[in-house]
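S.K.:
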Amino acid sequence: MKRDYDHLFKLVLLGSSGSGKSCLLLRFADDTFTDSYITTIGVDFRFKTIPVDQKNIKLQIWDTAGQERFRTITSAYYRGADGIMLVYDIQDRDSFLQVDEWLSEVNKYVSEGTCKILIGNKCDMTSERQVSTEEAQKKASELGLAFMEVSAKEAINVDAAFQALSSDLMAKREQQGAQTSRQGGLGLSKKNVAGGERSACGACA
531 MKRDYDHLFK LVLLGSSGSG KSCLLLRFAD DTFTDSYITT IGVDFRFKTI PVDQKNIKLQ
591 IWDTAGQERF RTITSAYYRG ADGIMLVYDI QDRDSFLQVD EWLSEVNKYV SEGTCKILIG
651 NKCDMTSERQ VSTEEAQKKA SELGLAFMEV SAKEAINVDA AFQALSSDLM AKREQQGAQT
711 SRQGGLGLSK KNVAGGERSA CGACA
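Here the sequence shown is numbered in this note's numbering, starting from 531 and rising by one per residue.
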């Protein structure tokens, strides 16, 4: 049976409990939203196929629990991830400050070239904002991450964020394919994420 996609990528949503990871997943995968907050127990996942550069890209998206007591369970799902979304709540400064901790944790399990993007969720709640767009952009730049603010509730930039990360993944996949096919030539250069080079996703708010 012929598959209905050209490439399959595994994405993992990471971030503190209450940052809205599950809402992001439901908005993107099912175009639904609920105000009822239910803590993710362990992990959940969805599939969605989207077009990227005239290719059908199938995304396997894992939503991980943000609570410390589930950390040993969820860390097993980081392995093999092609892309990481680090999610914080713009109303919750602590969730933003914990981004470094989440990044350090996931870097133990994923390859250096894994695509990552910093996501500021709940950007519709401007009156309760505790993290400015400028501060988050600076943090993303320092960490070598793409950046985008979204709202799962109002469906602002959610599709754009997944599309951006998927485009970056496609670019890397094509680079790897070109390197593999070239015989005896110079390989394409890798992005220096640690040095702060911007992701192909681009940084936007």
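A virtual CB, placed ideally from N, CA and C, is assigned to each residue, including glycine.
Using 8 Å for Cβ pairs, my map puts Ile-591 next to Leu-673. What's the rounded Cβ distance?
M.R.: Actually they are not in contact, since the Cβ atoms of Ile-591 and Leu-673 sit about 22 Å apart, beyond 8 Å.
S.K.: Give a yes or no on whether the minimum CB-CB distance between Leu-554 and chain B is below 8 Å.
M.R.: Given the protein chain composition of this structure (a single chain), no chain B is represented.
S.K.: Quick check: the Cα distance between Leu-616 and Leu-556, rounded to an integer number of angstroms?
M.R.: 16 Å
S.K.: Below 8 Å CB to CB, which residues in the same chain sit around Ser-549 once its five sequence neighbours on both sides are set aside?
M.R.: Gly-596, Val-617, Tyr-618, Asp-619, Asp-622, Ser-625 and Asn-651.
S.K.: So, helix, strand or coil for Leu-554, using DSSP?
M.R.: helix
S.K.: For Tyr-618, which beta-bridge partners are listed by DSSP?
M.R.: Gly-650
S.K.: Buried or exposed for Ile-571, please, with buried defined as at least 16 other CB atoms from any protein chain shown within 10 angstroms of its CB.
M.R.: Because Ile-571 sits at a pLDDT of 48, beneath the cut-off of 50, its placement in the model cannot be relied upon, and the following sentence gives the value as read from the coordinates. Answer is exposed; the Cβ neighbour count stays below 16.
S.K.: Would you tell me roughly how many angstroms separate the C-alpha atoms of Leu-695 and Gln-660, rounded to the nearest one?
M.R.: 25 Å
S.K.: In the DSSP assignment, find the beta strand (DSSP E) that holds Glu-679 and state where it starts and stops.
M.R.: 676–679
S.K.: Give the DSSP bridge partners of Arg-576, in chain order.
M.R.: Ile-591
S.K.: When the distance is taken between beta carbons, is Lys-578 closer than 8 Å to Ala-559?
M.R.: Yes, they are a contact pair.
S.K.: Out of Asp-593, Gly-610 and Gly-643, which has the shortest C-alpha to C-alpha gap to Leu-538?
M.R.: Gly-610
S.K.: Cα separation between Lys-532 and Lys-669?
M.R.: Spanning the two alpha carbons is a distance of roughly 43 Å.
S.K.: Between which residues of its own chain and Phe-692 is the CB-CB distance below 6 Å, once the five residues before and five after are set aside?
M.R.: Around Phe-692, the same chain offers Phe-558 as residues with beta carbons nearer than 6 Å, after the five sequence neighbours per side are excluded.
S.K.: Give the DSSP-derived three-state secondary structure of Gly-707 in the structure shown.
M.R.: helix
S.K.: With DSSP run on the structure shown, which of helix, strand or coil describes Lys-683?
M.R.: In this structure, Lys-683 counts as coil in the three-state DSSP scheme.
S.K.: Terminal residues of the continuous beta strand (DSSP E) containing Lys-532?
M.R.: Run containing Lys-532: none; DSSP gives neither H nor E here.
S.K.: Buried or exposed: which applies to Glu-679, given that a residue is buried once 16 or more other Cβ atoms fall within 10 Å of its Cβ?
M.R.: buried
S.K.: Could you check the C-alpha separation between Tyr-608 and Cys-553 for me, to the nearest Å?
M.R.: 20 Å
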